[in-house]
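Presented below is the structure to which this report refers.
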Amino acid sequence: MKGTVLYEVKEEVAILTVDNPPVNPLSDGVRTGLYESLVKAEEDDSVKGVVLTGNGRAFIAGADISEFGGNVEGIPLNEVFNKLEFCKKPVVAAINGVALGGGLETALCCNYRIAAETAFVGLPEVNLGLLPGGGGTQRLPRLIGPGEALKMMLSGSHVPAIKALKMGIVDKTSKDVVAESIDFIKEMASNNDNHPRVRDKNEKMLEARGDKNILLEAQAMAAKARKGQFAPGQIIKCVEAAINIDNFDEGIKKEGEYFMECLFHPQREAMIHIFFGERAASKISDVPKDTKIKDIKKAGIIGSGTMGGGIAMCFANAGIPVHIIDQDEENLKRGVSVIEKNYDFMVNKGRLTAEQKDGVFGLVTSSLDYKDVSDCDIVIEAVYENLELKHEIFKSLDEHVKEGAILASNTSGLDIDSIASVTKRPEMVVGTHFFSPANIMRLLEVVRGEATSDETLATIMAIGKKLKKAAVVSLNAPGFIGNRMLFGYTAQANMLLLEGALPHQIDQALESFGLNMGPFRMMDLVGLDLGWRARKLSGKESPLHAKIGDELCEQDRYGQKNGAGYYNYSEGSRAPNPAPENEETYERISAENGFTRREISDEEIVDRCILALINEGADILSEGVSQRAADIDVVYINGYGFPIWRGGPMHHANAMGLDVVIEKLEKYKEITGSDVYKPSEMLVKLAKNGEKLGEAPEKDNRKEKLGFEMSSVANNF
Ligand code: 3HC
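All letters in the sequence shown, in the order written, are residues 2 to 718 by the numbering used here.
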């Protein structure tokens, strides 16, 4: 059994300490331990009360997520909670650290809650496709009101102890939570026989009865922030039951039914796949666990544009001083003022206090001189994509920055080995591909060069975690992971346009599938002119899929930046409006290229675009560019707006069944005649063996990596 509960008696108080490192989830051993310890405390006449706490940095991080979907052993959670809630002695939850999900639900079954000032609480089950199934949907609304409880459960947000105190989730905060709980329980046990239970607090439920707005607001919130997800609706139904059913146990029964529906829903498996996938992504199979990690006390950024500024904010937000260098004083001033404006915006929105802003913004310094980054432990170059320019910068950095410091390039497609080759420390050179806006987007592709050392890589993964990024390693190969897949996907969207579908139909079909933004809205946002200019410069004929986009650029339709692209945009608005004037162009280019435009179903649109992603992803895996299929999913969800509830393209393929994937690929190969749909060898092999996409093959069994023409991928959108 996993985990245990330590039992000791101090000053006539039984102290139960959950011990299941590192974050004390309620695994089978913990549930059994809790139950048995409560019985022991009840039977010990010398014990006046119970204090429940956690070992290490967490109180309890929730149910054991790895148990979901498998055979669960040990005492069921609700039986443990029942024992806790009806314990014959008063119980205080001494919340020493994080209390999430089942962890907060445990605390809600106790009579009193005292939290460490540094602790935080929350019911984040929704992020796993679940609802708080340990009574959270019934108890939290009773404590803080259904409106606030719904906000917490639908957002999955973490609430710091001080705020939790104001909201009424905890009764007290403390610096020494166990000692204070012991004193508290001694006092309460001697003064009082009647200890409060959350289940008995009905006032807030009665107040809410008949107030339709609470549920309507929750529905609006779920529709906006959790489009396509199953669990939010279930959470709302649970709270509706809490409000309208007098009998608490009946409400718990409803919660149990709705929880089981979530548990067996495919979205739960997809979202838990991403939870573990994000954590697995930081582990690199051939980098030993005990690899030394450099201490990053100060960071430098070269370039004060959008990317440089965003990356600087990431460091400052993590409490790391950051120095920005630009070669142009005007640019630098503008860049730093944009950073300040971003922080002011957060203050206006109430996300930061003015004091906090001064603190983080105070960590950002800037100058024009490379010497000022000489003492940095890492310097990230974030200038525009030009290999010669990057070579020059890295030569200068190598000269100026102290020995042992990491030099990183924020490139979306250039060759890291080539950049590393101009320095005397290639082992300390790495790619850090942040996504724009870097202070908001979670994805960080870490590009591992031929020479990048284990220490450099391990340090970057650790810093990625500190910056709250989902960091994923990619080998140095064209387009890395994300953009290489995006290339095939947008190319297919463009082919569908050439064959007869219209941009809004293609976008709508893919947005209904769950993508945040369809490909044509995305291309308009990025700018159609980037690829067009690069293709013009190369002097080569445009590939078929780029013909329409190039023609639109010839007509000065560059996308959102000048108000016209595949869509039209009103001034100052990002909302796409139809552009019927483009249809003549679509028809003409289709005809010129030998296509007879046809009706294309939404099913074909989704299949062709998503299969292009899957097939390329399988190649990326078989080349070892990505370590594992889940890494690709983490990239797609955090950087490209793929719906988390589908678990990413690779999980989606596994869920569909690889034999079905191959069948569909072959069908579209037949229809289009395109090699894009020639099933990847890896897919064929796995399907034959009844296996799923998982780990990349061992080094010797890998497909040869694509040759280098890095920029070609990036320039082809
Ligand atoms: N169950 C099982 N394992 C868990 C876990 C959980 N609830 N929470 C964390 N872990 C594991 C992680 O997988 C990781 O394992 P690894 O070292 O092998 O990769 C390890 O614990 C450490 O986790 P993190 O790397 O995430 O550590 P951090 O310090 O960065 O974060 C945390 C700690 C904030 C607690 C974060 O782990 C977290 O958010 N955990 C999930 C919390 C959650 O969603 N709880 C609800 C669970 S569902 C539930 O309770 C249902 C109930 O209502 C019935």
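We treat Cβ as the ideally placed atom computed from N, Cα and C, and that holds for glycine.
Predicted model, so just to flag it, every value in this text is computed and none were measured.
Checking 8 Å against the spacing of the C-beta atoms, do residue i and residue j come in under that value?
| i | j | result |
| --- | --- | --- |
| residue 112 | residue 233 | no |
| residue 110 | residue 132 | no |
| residue 624 | residue 679 | no |
| residue 14 | residue 48 | yes |
| residue 483 | residue 446 | yes |
| residue 94 | residue 107 | yes |
| residue 646 | residue 229 | yes |
| residue 541 | residue 594 | no |
| residue 430 | residue 458 | no |
| residue 587 | residue 579 | no |
| residue 448 | residue 488 | no |
| residue 348 | residue 380 | no |
| residue 155 | residue 222 | yes |
| residue 199 | residue 124 | no |
| residue 256 | residue 134 | yes |
| residue 550 | residue 526 | no |
| residue 38 | residue 3 | no |
| residue 655 | residue 694 | yes |
| residue 619 | residue 493 | no |
| residue 629 | residue 577 | no |
| residue 455 | residue 292 | yes |
| residue 263 | residue 220 | no |
| residue 633 | residue 650 | yes |
What do you reckon, is the C-beta of residue i under 7 Å from a heavy atom of the ligand 3HC?
| i | result |
| --- | --- |
| residue 158 | no |
| residue 67 | yes |
| residue 502 | no |
| residue 639 | no |
| residue 635 | no |
| residue 126 | yes |
| residue 695 | no |
| residue 106 | yes |
| residue 62 | yes |
| residue 352 | no |
| residue 71 | no |
| residue 277 | yes |
| residue 129 | yes |
| residue 528 | no |
| residue 227 | no |
| residue 472 | no |
| residue 59 | yes |
| residue 78 | yes |
| residue 142 | no |
| residue 289 | no |
| residue 99 | yes |
| residue 24 | yes |
| residue 133 | yes |
| residue 575 | no |
Using 10 angstroms around the beta-carbon of residue i, count the other beta-carbons present and answer buried if the total reaches 16, otherwise exposed.
| i | result |
| --- | --- |
| residue 350 | exposed |
| residue 118 | exposed |
| residue 26 | buried |
| residue 365 | buried |
| residue 496 | buried |
| residue 191 | exposed |
| residue 308 | buried |
| residue 716 | Bear in mind that the predicted position of residue 716 carries a pLDDT of just 49, short of 50, making it too unreliable to give a figure here. |
| residue 87 | exposed |
| residue 617 | buried |
| residue 597 | exposed |
| residue 474 | buried |
| residue 140 | buried |
| residue 692 | exposed |
| residue 517 | exposed |
| residue 346 | exposed |
| residue 699 | exposed |
| residue 711 | Note that residue 711 has pLDDT 49, beneath the 50 cutoff, so the model's placement of it is unreliable and the number below is only indicative. The residue is buried, with at least 16 neighbouring Cβ atoms inside 10 Å. |
Secondary structure, beta strand (DSSP E): runs of 3+ residues fully inside the segment 439–493:
Counting whole runs of 3 or more residues, the segment 439–493 contains the beta strand (DSSP E) stretches 444–449, 471–476.
Unbroken alpha helix (DSSP H) runs of length 4 or more, entirely within the segment 130–165: which are they?
For the segment 130–165, whole alpha helix (DSSP H) runs of length 4 or above, ordered along the chain, are 137–145, 147–156.
3 or more residues per run - each beta strand (DSSP E) lying fully within the segment 350–435
DSSP runs (the beta strand (DSSP E)) wholly in the segment 350–435: 365–368, 379–382, 407–410, 430–435.
Identify every run of the alpha helix (DSSP H) within the segment 161–237, keeping only runs that are complete inside it and at least 4 residues long; order them along the chain.
List check, alpha helix (DSSP H) in window: 162–168, 178–192, 204–209, 213–226.
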